[in-house]
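Okay, structure first, notes after.
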Amino acid sequence: MVTTATETPKPTAQKTIWYILAALMALYMVNVPFTNYLTIVDKGPSWLGLDDSARMGLNYAWIHKLNWGNDIIYTYGPLSFVSTRVGWGISRWLFLLFDIFWVFNFFCLFKDYLIRTQHKFLALLVLFMTSAMLATFYGSGQVWVYYIFICYWMFKLYEQPRIVYYIPLILLIVFAFYIKLNTGLFAIIFFLMHLGVLLLTKKLNTLKGAGALAALVLLLFLFAWMLNVSMIPYIKGAIEVMKGYNDVLYLEEMNEKLAMNIYLVFYSIWAFCIIFCIHALRTKQWPLLFFAMLTAIYIFLLKKQAMLRSDDQHLFEFFFYAPLCLIIGCYLTANDRFQQFYLGFTLVIVTLCCAIANSDRPITEAIYQRYTALPDYWQGFSEYKPELFNAQKNKRYLPEPVLAKIGKASVDVFPWDSEYLIENKLNYTPRPCFQTFQANTEYLEKVNYEFFLHKTPQYVLYDYDAIDGLYPFNDAAQLNYFLIKNYDFTDSFYSNERTRLILTKRPTVVPVTFTKIGETEAGLNDTIPVKDADFMKLYVEKSKRGKLLAAWDKPAVMRIMYQQQNEHWFKHKSSPELRRAGLMVEKRISNTHEFATFRIAKDSLQDIINVKVDVDSTRFFKPTVKVEYYKVN
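Take any residue in the sequence shown, count from 1 to its spot, add 33: that is its number in my numbering.
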């Protein structure tokens, strides 16, 4: 059949239309607002300021060129501002560069998705709904999108193994590694597996594979040098933080209806992955099993985060980001019949997630917010004022005598509110885990203790508090003992509805010594006498079933109960890692005033006479608890 001049351009013209649509949709995927001007909370529970103090603390580390891994230990890295969008000390042009790269990746993802399928209008509807339901401000959810971009470029390289495609893939992995380490670690593992798939399918020879791996390693270490990162401590510290988080930083109650819907979507996507794997094996496309595995791992990690934290923010975040794993492109390589099934399934999942995630607003409002937000982005760019991030001194009030006393001397803050020091422009000298609840393993507690022993700040701004039902003193028991031994309580003041202490370093700093005086064994839920000990270590071990539960969902609840001399019991949430680090069992300390009293007149406080490891179900823990007793000097 001979085509006419008017007929031949048709495919190209149609392709151009899809390219334009993909470009427009990608452009509207920018983060809005351009930057996140924090509004500091100065009333209510102190944990309301926890996230903002963390974000500003990370930027403080960037500005003051602290070493990541030694001076700062966190799961977020030196490029965390890309996710938090906190612009203190950050050029707007740096944000713009990352945003251009962000839009470029969305364009490639959307464009290829539309071009691959014959059912373009259905595919367009899937993309439209998936993109519209995402919050215009990504925040911590940005790393999930990075995961999807990485999967997309891996599949692109599988289809067309061109060297140029390694550039965005390697950049994404490096950026993810220094934005949030856990995402970067997974990406590196997947990259190694991806190279293995390409080698096995002869789409890549050994020399080129070694070159790609060398390029990734070289760029990782180049960025480590530029960003002042000590690679081994950076990785070890972040893994310890993640391990501790997984053990204790969860809520015991959650929205059960949302949780059931999460499992519905999760198991549906896993079932689809299994069906796709069967299809791939039948059609002898076994390498596609790798991409189905990436989808399954993505949705598992998203579910794991939601169920572990259990708060509404993370539960809803699951529905925002779940559909993304279905649009990486690998599922459009199947025959037309399977494509129809896949697109129909994806549309059902997207619709379900849209309905749940937008239950408190009409979907039209979500669409409107997404596709009218671009002018707000450019306004934020043009009116960018990074100095506004450090201009809320009135929200973190410090009396003038306190400011005069501290002057330019080094100062740290407990348990987490670095905004007191940053907003008042003091010489903030943060311990490595600069928020106390981060130091929730024995290793991290030791790191913080060693910092105070060798780089002791002149002053400490102290508030006796904790989150998620933990016992404040035993959040960092060794460090609290150090403060009591090496600091004087020289002042106090009232701010943001709480009494706070000013601790002043003594002329001579001495270590805290823990002398072991005994050892025994006890059972779960048994009453354990304190005897004459000041400090105890409890070695609680998870059973195999408990380890499986912690890996799949969230750990079984564990609490420590303390009995006072007046026979009254009180209890706090805990974890095996925290109790291995130790707990103070001298006195009951319930507030800041009693913490100060413990230093000067501790005999007036209630003795603790017994403790107990309290668990809801003994099947998730080994039956025997090893107990060690210590005197503290």
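Think of the CB as a built atom: it goes at the ideal place given N, C-alpha and C, for glycine as much as any other residue.
(request) Identify whether Glu-600 lies in helix, strand or coil by the three-state DSSP scheme. (result) coil
(request) State the DSSP-derived secondary structure class of Ala-38, mapped to helix, strand or coil. (result) In this predicted model, Ala-38 has a pLDDT of only 37, less than 50, meaning its place in the structure is not dependable; the value taken from the coordinates is given anyway. Looking at Ala-38 - three-state DSSP - the assignment turns out to be coil, as it is neither helix nor strand.
(request) Could you tell me the distance, in whole angstroms, from the CA atom of Met-34 to the CA atom of Thr-45? (result) Low local confidence applies: a pLDDT of 36 at Met-34 is under 50, so the model's placement there is unreliable, with the coordinate-based value given in what follows. So the alpha carbons of these two residues sit roughly 19 angstroms apart.
(request) Compare the Cα-Cα distances from Phe-371 to each of Asn-457, Val-660, Ile-308, Tyr-179 and report the closest residue. (result) Ile-308
(message) Within 8 angstroms, do at least three Cβ pairs link the segment 486–501 to the segment 443–456?
(response) yes
(message) Can you tell me where the beta strand (DSSP E) holding Leu-534 begins and where it ends?
(response) 531–538
(message) Can you tell me whether Glu-661 is helix, strand or coil according to DSSP?
(response) strand
(message) Tell me the DSSP secondary structure of Trp-80 in three-state form.
(response) helix
(request) Could you say if the segment 382–390 and the segment 314–328 meet the contact criterion of at least three C-beta pairs nearer than 8 angstroms? (result) no
(request) For Gln-639, I'd like the list of residues in its chain whose CB is within less than 7 angstroms of its CB, leaving aside the five on either flank, ordered along the chain. (result) Gln-597, Gln-598, Asn-599, Lys-620, Arg-621
(request) Would you tell me roughly how many angstroms separate the C-alpha atoms of Asn-513 and Phe-352, rounded to the nearest one? (result) 41 angstroms
(message) I believe Phe-263 touches Asn-103 by the beta-carbon criterion, under 8 angstroms. Please report the beta-carbon distance rounded to the nearest angstrom.
(response) Sequence check: residue 263 is Ser here, not Phe. The pair is a contact, with the Cβ atoms about 5 angstroms apart (cut-off 8 angstroms).
(request) Measure the alpha-carbon distance for Gln-425 versus Val-74 and round it to whole angstroms. (result) 10 angstroms
(request) Please list, in chain order, all residues of the same chain as Arg-613 whose beta carbon is under 7 angstroms from its beta carbon, the five residues on each side excluded. (result) Glu-475, Lys-570, Tyr-572
(message) Assuming contact is defined by CB atoms lying nearer than 8 angstroms, are Ile-295 and Ala-257 in contact in what I supplied?
(response) no
(request) Could you tell me how far apart the beta carbons of Ala-165 and Arg-403 are, in whole angstroms, since I believe they sit closer than 8 angstroms? (result) 5 angstroms
(request) In angstroms with no decimal places, state the Cα-to-Cα distance between Asn-279 and Ser-301. (result) 25 angstroms
(request) Scan the segment 309–371 and note each continuous alpha helix (DSSP H) run of 4 residues or more that stays entirely inside, going in chain order. (result) 321–342, 345–354
(message) For the segment 418–434 against the segment 451–465, do three or more pairs of beta-carbon atoms, one drawn from each stretch, fall closer than 8 angstroms, so that the two count as touching?
(response) yes
(message) Between which residues of its own chain and Thr-657 is the CB-CB distance below 6 angstroms, once the five residues before and five after are set aside?
(response) Glu-554
(message) Does Ala-38 pass the burial test, meaning 16 or more other C-beta atoms within 10 Å, or should it be called exposed?
(response) For Ala-38, the predicted structure reports a pLDDT of 37, less than 50, and the residue's modelled location is therefore unreliable. The matter cannot be settled from this model.
(request) Could you pull the start and end residues of the alpha helix (DSSP H) that Lys-580 belongs to? (result) 577–585
(message) Since Tyr-461 and Val-493 should fall inside the 8 angstroms C-beta cutoff, what is the C-beta to C-beta distance between them, to a whole number of angstroms?
(response) Not a contact, Cβ separation roughly 11 angstroms.
(request) Output the distance between the C-alpha atoms of Ala-209 and Lys-635, rounded to the nearest integer angstrom. (result) 49 angstroms
(message) Once the 5 residues before and after Asn-69 are set aside, which same chain residues still bring their CB inside 6 angstroms of it?
(response) Arg-118, Val-119
(request) Tell me, please, which residues DSSP counts as bridged to Phe-131. (result) Answer is none; Phe-131 lacks a bridge partner.
(message) Does Ile-307 come out as helix, strand or coil in the three-state DSSP assignment?
(response) helix
(message) Measuring straight from C-alpha to C-alpha, what distance separates Gly-122 and Asn-92?
(response) 7 angstroms
(request) Use the C-beta contact count for Glu-398: other C-beta atoms within 10 angstroms, 16 or more gives buried, fewer gives exposed. (result) exposed
(request) Return the CA-CA distance between Phe-299 and Asp-586, expressed in angstroms with no decimal places. (result) 12 angstroms
(request) List the residues that DSSP assigns as beta-bridge partners of Val-644. (result) Ile-561, Tyr-595
(request) Report the three-state DSSP secondary structure of Ala-243 (helix, strand or coil). (result) helix
(request) Report yes if the CB atom of Lys-625 is closer than 8 angstroms to the CB atom of Leu-516, and no otherwise. (result) It is Thr, not Lys, that sits at residue 625 in the sequence shown. Not in contact: Thr-625 and Leu-516 (Cβ atoms no closer than 8 angstroms).
(request) Over the uninterrupted alpha helix (DSSP H) stretch that includes Glu-273, give me the two end residues. (result) 264–281
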